[in-house]
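**Student:** Chains as they are written, first to last, in full-length UniProt numbering: chain A, 1 to 288; chain B, 1 to 292.
Backbone N, C-alpha and C fix where the C-beta goes; we use that ideal spot for every residue, glycine too.
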Amino acid sequence: MTTVTKPVPSSRVPERRPQPSARRASVSGWRRILPVVLGAALLLWILLPLAPVLLWSVAGQWRAPAPLPGSWSSQALESLLSPEILQAGLWSLALGMSVAVAATTLGALAAFSLHRLPRTLSRIVGFLLLTPLAIPPFALVMGANVLLLSARVPTFAAVLIVLTVTALPYTTYMFSVALASYDWRFEEVARTLGASRVRVIRTVRMALLAPAIARAGFLAFLVGWSDYITTVLIGGGQFRTLPMLLGSSASSTGGEQLTAALSLAMILPPVILLAFLARWGARGRISP
Amino acid sequence: MSVPSGQRSASRRALLTAAPAVLLVVLVIGAALLTALLQSLGFLPVFGEARFSTEAWADGASLLESAGVSLYLATASTALALVVGFLVAAYALTAGRGGRLVAALSAATIPIPHLVASGAIGLLLADAGFLARVLGMPEGFPQLVGDSWWAAVILEFAWKESAFVALVVLGGIGRPVAELTETAATLGASARQRMLHVILPLARVPLGVAGLVVFVYTLGSYEAPWLLGPVAPEPLSVRAVRLFGSVDLSSRPEAMATALTSVAVALAVIGLGLLLTRRSRRRSRAQSGVSS
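What follows is the structure in structure tokens.
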């Protein structure tokens with residue numbers, strides 16, 4: 001077994017020894033080609049599934065053997081502006097943001113407490129907060145559904161509760177990681193300088209933990225934004241989100257254009273949000 | 001030993017801070033599991049009278065078949081995701097600017113929902129899908145969507161989860177490995193040697209953790225097998241959701257029995273996984289103790 005503490009022993013690198021020139025040429029050629037082939041294969045693996053989505057979203061007619069659409073059309077993308085789809089987008093946005101607020105707040109509180117509790121207790125609480133990861137979401141939804149319906153919890157709130165439980169392990173983990181390297185002395189300094197408790201939390205703690213808040217909030221937003229099974233099983237069609245429209249479009253034959261356009265409508269907002277967070281994060285790190 | 005009262009009140013306050021999150025999780029999960037158990041045994045019927053019955057559990061053969069399909073999907077998808085995810089991470093660490101590009105593109109696919117990815121894989125791999133068209137619709141193009149090997153489902157899971165695996169590996173081994181691979185490179189190690197003899201041994205623990213997460217996730221995932229899988233046999237998720245939404249309300253107990261089976265399988269896998277990672281961590285600690 002190779003040990004991790006030592007670099008590769010030089011005796012394992014036969015190419016360095018003098019060799020017949022023909023063999024050396026083929027070896028070094030192979031050496032140069034292999035990374036290129038691997039890189040191209042990985043790029044293809046990552047990008048290929050997205051190609052048909054992009055093409056179909058702007059395709060007019062695209063009959064079977066043709067590798068590219070026969071005609072182009074912006075109809076599918078324009079249909080994203082129809083009232084039904086816009087409304088679904090708003091529901092998804094509302095769900096994503098509600099889960100982000102709820103799970104980020106609760107996760108932050110929980111992480112602070114994990115940090116302060118004695119070790120055994122902290123482990124137990126931490127373990128409990130991880131359990132949602134172990135339960136398949138559909139199983140959780142099915143059981144919770146009966147209870148939430150009989151307690152007459154409004155549909156949107158019921159979906160929000162279940163998704164917050166799903167998102168909590170991620171947000172708690174994000175804050176726990178951030179708190180592990182958090183320097184409490186900044187808060188102490190602010191306190192000795194006469195800042196009130198609230199002011200310390202607002203201007204010191206929130207500012208220092210802003211990247212963690214953004215990361216946790218983004219993950220929780222994704223849980224709400226991209227959820228399909230919880231909204232379908234609990235919502236039962238009372239409010240229709242983008243994933244529900246996409247699910248019914250993708251599961252029926254034909255309508256590839258709409259499936260592709262809806263896919264883009266689901267991919268782009270989180271990607272834009274991520275790019276925005278990354279830029280904002282980079283700027284925050286550079287400025288004092 | 002007595003605990004100072006100040007410390008005790010501090011931890012009580014800390015417990016109170018955690019209470020909203022813990023109570024929410026414990027209540028929702030506890031109630032969900034209890035309700036599922038009761039309904040699977042004939043209590044809390046949607047309508048009619050409660051009557052104890054183990055009928056929903058009686059069809060053990062089809063529950064086992066569904067569990068088998070779920071385990072097959074999770075095993076195949078996890079294996080493929082680990083291999084590709086490791087290659088992405090290793091390439092990112094060894095290939096300079098190209099490596100960083102691959103790592104960034106791979107990370108950018110993480111926010112894509114599984115439902116979208118399933119739709120995309122469907123458009124790509126279907127009978128007259130994009131791939132078949134690009135290849136000129138060859139005679140022997142295999143059926144990949146809805147086939148008995150669940151190829152499209154496994155590829156969808158692997159596509160999404162390999163990006164996650166790469167992220168975990170890169171986050172877990174990061175900068176020190178970049179230095180080690182550079183050292184190995186100056187000593188003349190080829191890219192393949194750097195991947196297999198430097199990065200792979202270090203990536204074992206992150207790969208184990210990521211593998212466990214991916215396995216449990218794919219075990220309970222619904223969208224890809226529903227959209228891209230064959231009609232029968234069904235994995236646990238598809239079976240449970242179909243029975244749950246069935247017009248025939250008497251199939252509710254069976255839906256709950258299926259859901260609980262999936263919980264039991266997930267918990268068993270997690271238990272086994274934790275046991276294995278703990279053992280391998282102990283072993284690697286012992287080994288590095290001997291070698292250093």
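Which term fits B/P142, buried or exposed, when burial requires 16 or more other beta carbons within 10 angstroms of its beta carbon?
**Tutor:** Position 142 of the second sequence, counting from 1, holds the residue named residue 142 of chain B. So B/P142 ends up on the exposed side.
**Student:** Under 8 angstroms Cβ to Cβ from A/V153, same chain only, skipping five residues before and after it: list those, please.
**Tutor:** Walking along the first sequence from the start, residue 153 of chain A turns up at place 153. Result list for A/V153: I161, in chain order.
**Student:** Should B/R192 and B/A184 be called a contact, given that it needs their Cβ atoms to be closer than 8 angstroms?
**Tutor:** Against the second sequence, residue 192 of chain B aligns to sequence position 192. Against the second sequence, residue 184 of chain B aligns to sequence position 184. No, they are not a contact pair.
**Student:** Take B/L27 as the anchor and find which of A/L273, A/G143 and A/P69 has the nearest alpha-carbon.
**Tutor:** To locate residue 27 of chain B, count along the second sequence from 1; it is residue 27. If we check each option's Cα against that of B/L27, A/G143 comes out closest.
**Student:** Between the stretch 198-212 of chain B and the stretch 158-173 of chain B, are three or more C-beta pairs nearer than 8 angstroms?
**Tutor:** Taking 8 angstroms as the limit for Cβ pairs, the verdict is that the stretch 158-173 of chain B does touch the stretch 198-212 of chain B.
**Student:** Can you give the Cα-Cα distance for A/R16 and B/G188, rounded to whole angstroms?
**Tutor:** Counting from 1 along the first sequence, the entry for residue 16 of chain A is found at position 16. Counting from 1 along the second sequence, the entry for residue 188 of chain B is found at position 188. Because the pLDDT at A/R16 is just 47, under 50, the model does not fix this residue reliably, and the value given afterwards should be weighed accordingly. Taking the straight line joining both Cα atoms gives about 7 angstroms.
**Student:** Under 8 angstroms Cβ-Cβ, which residues of chain B neighbour A/S263?
**Tutor:** The residue given as residue 263 of chain A occupies position 263 in the first sequence. Chain B residues near A/S263: V116, G119 and A120.
**Student:** Give the straight-line distance between the Cα atoms of A/L50 and A/W72, rounded to the nearest whole angstrom.
**Tutor:** Indexing the first sequence from 1 puts residue 50 of chain A at position 50. Indexing the first sequence from 1 puts residue 72 of chain A at position 72. One C-alpha to the other measures close to 18 angstroms.
**Student:** Give the secondary structure of A/A59 by DSSP, where H, G and I count as helix, E and B as strand, and everything else as coil.
**Tutor:** As a first step, residue 59 of chain A is located in the first sequence; it is residue number 59 there, counting from the start. Residue state, collapsed to three classes: strand.
**Student:** When you compare only the Cα positions, how much space is there between B/E139 and B/A120?
**Tutor:** By 1-based counting over the second sequence, the position of residue 139 of chain B is 139. By 1-based counting over the second sequence, the position of residue 120 of chain B is 120. If I take the Cα positions, the gap works out to 23 angstroms.
**Student:** Which two residues bound the contiguous alpha helix (DSSP H) that contains B/E223?
**Tutor:** Your numbering for residue 223 of chain B matches position 223 in the second sequence. That run of the alpha helix (DSSP H) goes E223 to L228.
**Student:** Strictly below 9 angstroms CB to CB, what residues from chain B border A/F112?
**Tutor:** Mapped onto the first sequence, residue 112 of chain A falls at position 112. Ordered by position in chain B, the residues that pass the 9 angstroms Cβ test against A/F112 are A14, T17 and A18.
**Student:** Against chain A, with Cβ distances strictly below 8 angstroms, would B/S280 count as a contact?
**Tutor:** The residue you call residue 280 of chain B lines up with position 280 of the second sequence. Not an interface residue.
**Student:** Using beta carbons (cut-off 8 angstroms, strictly below), is B/W57 in contact with chain A?
**Tutor:** The sequence position of residue 57 of chain B within the second sequence is 57, counting from 1. Closer than 8 angstroms: no.
**Student:** Using a C-beta to C-beta distance shorter than 9 angstroms, which residues of chain A count as neighbours of B/Y91?
**Tutor:** Counting from 1 along the second sequence, the entry for residue 91 of chain B is found at position 91. By Cβ distance, chain A contributes P35, L38, G39 and L42.
**Student:** Ignoring anything shorter than 4 residues, give me the alpha helix (DSSP H) runs that lie fully in the stretch 164-227 of chain A, in order along the chain.
**Tutor:** Qualifying alpha helix (DSSP H) stretches, in chain order: 185-192 and 210-225.
**Student:** Which of the three DSSP states, helix, strand or coil, is assigned to A/T2?
**Tutor:** The sequence position of residue 2 of chain A within the first sequence is 2, counting from 1. Confidence at A/T2 is low in this model, with a pLDDT of 41, below 50, so its placement is unreliable and the value that follows should be read with caution. In the structure shown, A/T2 sits in coil (DSSP, three-state: anything other than H, G, I, E or B).
**Student:** Cβ closer than 9 angstroms: which chain A residues qualify as neighbours of B/Q39?
**Tutor:** Sequence index remark: in the second sequence, residue 39 of chain B carries index 39 (1-based). Those are M142, G143 and V146, listed as they occur along chain A.
**Student:** Counting Cβ pairs closer than 8 angstroms, one from the stretch 260-274 of chain A and one from the stretch 52-69 of chain A, do we hit at least three?
**Tutor:** Yes: the two stretches touch, three or more of their Cβ pairs being nearer than 8 angstroms.
**Student:** Do B/V168 and B/A107 have their C-beta atoms closer together than 8 angstroms?
**Tutor:** Locating residue 168 of chain B in the second sequence gives position 168, where the first residue counts as 1. Locating residue 107 of chain B in the second sequence gives position 107, where the first residue counts as 1. It is not a contact, given that the beta carbons lie outside the stated cut-off.
**Student:** B/W149: buried (16+ other C-beta within 10 angstroms of its C-beta) or exposed?
**Tutor:** Counted from its first residue, the second sequence places residue 149 of chain B at position 149. With fewer than 16 other Cβ atoms within 10 Å, it is exposed.
**Student:** According to DSSP, is A/W72 part of a helix, a strand, or is it coil?
**Tutor:** As a first step, residue 72 of chain A must be located in the first sequence, where it is residue number 72. A/W72 falls in the strand class under three-state DSSP.
**Student:** Tell me whether A/S287 sits in a helix, a strand or coil according to DSSP, three-state version.
**Tutor:** What you label residue 287 of chain A is simply residue 287 of the first sequence in a count that begins at 1. Any reading at A/S287 needs caution, since the residue's pLDDT is 39, under 50, leaving its predicted position unreliable; the model's value is listed next. Three-state DSSP puts A/S287 in coil, outside helix and strand.
**Student:** Determine the direct distance from the alpha carbon of B/F47 to that of B/A31, and round the result to whole angstroms.
**Tutor:** Taking the second sequence and counting its residues from 1, the one referred to as residue 31 of chain B is at position 31. Taking the second sequence and counting its residues from 1, the one referred to as residue 47 of chain B is at position 47. Cα to Cα, the separation comes out at about 20 angstroms.
**Student:** Could you give the distance in angstroms between the alpha-carbon of A/L219 and the alpha-carbon of B/F52?
**Tutor:** As a working note, residue 219 of chain A is residue 219 in the first sequence. As a working note, residue 52 of chain B is residue 52 in the second sequence. About 42 angstroms.
**Student:** How long is the line joining the alpha carbons of A/L274 and A/W225, rounded to whole angstroms?
**Tutor:** Numbered from 1 along the first sequence, position 274 holds the residue referred to as residue 274 of chain A. Numbered from 1 along the first sequence, position 225 holds the residue referred to as residue 225 of chain A. Taking the straight line from one Cα to the other gives about 14 angstroms.
**Student:** Can you give, in chain order, each stretch of the alpha helix (DSSP H) that sits fully within the stretch 186-220 of chain B and has at least 4 residues?
**Tutor:** Segments of the alpha helix (DSSP H) lying fully in the stretch 186-220 of chain B: 200-219.
**Student:** Where do the ends of the alpha helix (DSSP H) carrying B/E234 lie?
**Tutor:** What you label residue 234 of chain B is simply residue 234 of the second sequence in a count that begins at 1. Per DSSP, B/E234 belongs to no alpha helix (DSSP H) and is neither H nor E.
**Student:** Residues of chain A with CB under 7 angstroms from B/P111, in chain order?
**Tutor:** In the second sequence, counting from the first residue as 1, residue 111 of chain B sits at position 111. In chain order: L222, P270, V271 and L274.
**Student:** On the DSSP letters alone, give me the boundaries of the alpha helix (DSSP H) that A/P132 sits inside.
**Tutor:** Here residue 132 of chain A corresponds to residue number 132 of the first sequence, with the count starting at 1. Note, A/P132: alpha helix (DSSP H), R119 to A134.
**Student:** For A/L246, which residues in chain B fall below 8 angstroms Cβ to Cβ?
**Tutor:** Start at 1 with the first residue of the first sequence, and residue 246 of chain A comes out as number 246. Going along chain B in sequence order, the residues near A/L246 (Cβ under 8 angstroms) are L115, V116 and G119.
**Student:** Consult DSSP for B/R283 and reduce its assignment to one of helix, strand or coil.
**Tutor:** Translated into positions along the second sequence, residue 283 of chain B becomes position 283. Helix, per DSSP.
**Student:** Counting C-beta neighbours from all protein chains within 10 Å, is the total for B/M256 16 or more, i.e. buried, or is it exposed?
**Tutor:** Against the second sequence, residue 256 of chain B aligns to sequence position 256. By the neighbour-count rule (16 or more Cβ atoms within 10 Å), B/M256 is buried.
**Student:** Hey, would you say residue 331 of chain B sits closer than 8 angstroms to A/L117, going by beta carbons?
**Tutor:** Residue 331 of chain B lies beyond the residue range present for chain B, which begins at 1 and ends at 292; the question has no answer from this structure.
**Student:** Buried or exposed: which applies to A/M206, given that a residue is buried once 16 or more other Cβ atoms fall within 10 Å of its Cβ?
**Tutor:** As a first step, residue 206 of chain A is located in the first sequence; it is residue number 206 there, counting from the start. Burial call: exposed.
**Student:** When you compare the CB of A/T231 with every CB in chain B, is at least one pair closer than 8 angstroms?
**Tutor:** Locating residue 231 of chain A in the first sequence gives position 231, counting from the first residue. So, not an interface residue.
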